[in-house]
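Each remark here refers to the structure printed beneath this line.
In this note's numbering, the protein residues as written are 10 to 150.
Printed below as a string of C-alpha cells:
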C-alpha cells in the first residue's frame, strides 16, 4: 500500500476452524481393535499436517453447541482445502457431527514499522513513490 497513513501488514496464516459434536455412543459400540485403529489413523493424519506449511490444533469446547474444535493452519488457502479433504476421509469423522465452521486470516500489523520506514524514506534522496522508492520501501519492509 505504501500510504504513510495506513499501516502495512503481512499475511500470516489461513485458519480453518471446525466445530463438531462427538457421537460417543456410536463410537462406544466399536470393537476395541476398531476404535484404536480409527483413533490412530486420525492421530497419524493430524501429525502429518504439522510442519513448515501448516499446523493443527485441537480444543475441547465447553457448552452445548459442540464438543471439539479442530483448527487447520496453512500458509495458503489451498492448504486448508487439502487438510479439510484429508480429515473428512477419516473413518473417525463417521462419529463427528459438524456444528459450525469458519475461515480466518491471521495478519501481522506493522504499525510502528510502517511509520519508521516512511520516516527513513522521507530522509532518502529517492522521489516518493517512484519505482526505486517503492523497491527500497519493500526491501525495508
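Ideal Cβ positions, reconstructed from N, Cα and C, are used throughout, including at glycine.
Quick one: grab the DSSP three-state call for residue i.
i: residue 24; result: strand
i: residue 112; result: strand
i: residue 51; result: helix
i: residue 85; result: coil
i: residue 30; result: strand
What is the rounded straight-line gap between the Cα of residue i and the Cα of residue j?
i: residue 106; j: residue 33; result: 11 Å
i: residue 36; j: residue 15; result: 52 Å
i: residue 147; j: residue 43; result: 55 Å
i: residue 72; j: residue 56; result: 27 Å
i: residue 132; j: residue 117; result: 26 Å
i: residue 89; j: residue 11; result: 30 Å
According to the neighbour-count rule (16 or more other Cβ atoms, all chains shown, within 10 Å of its Cβ), is residue i buried or exposed?
i: residue 75; result: buried
i: residue 83; result: buried
i: residue 19; result: exposed
i: residue 92; result: buried
i: residue 63; result: buried
i: residue 126; result: buried
i: residue 101; result: buried
Please look up how many angstroms separate the CB atoms of residue i and residue j, rounded, as I've assumed it's under 8 Å.
i: residue 123; j: residue 17; result: 5 Å
i: residue 70; j: residue 27; result: Wrong, their Cβ atoms sit about 11 Å apart, outside the cutoff.
i: residue 115; j: residue 24; result: 6 Å
Taking residue i as the reference, which of the options has the closest Cα?
i: residue 109; options: 20, 15 and 29; result: 29
i: residue 53; options: 132, 12, 99 and 90; result: 99
i: residue 38; options: 127, 27, 88 and 103; result: 103
i: residue 31; options: 121, 145 and 68; result: 68
Chain D beta carbons: is any one of them nearer than 9 Å to that of residue i?
i: residue 51; result: The structure shown has no chain D; it contains just one protein chain.
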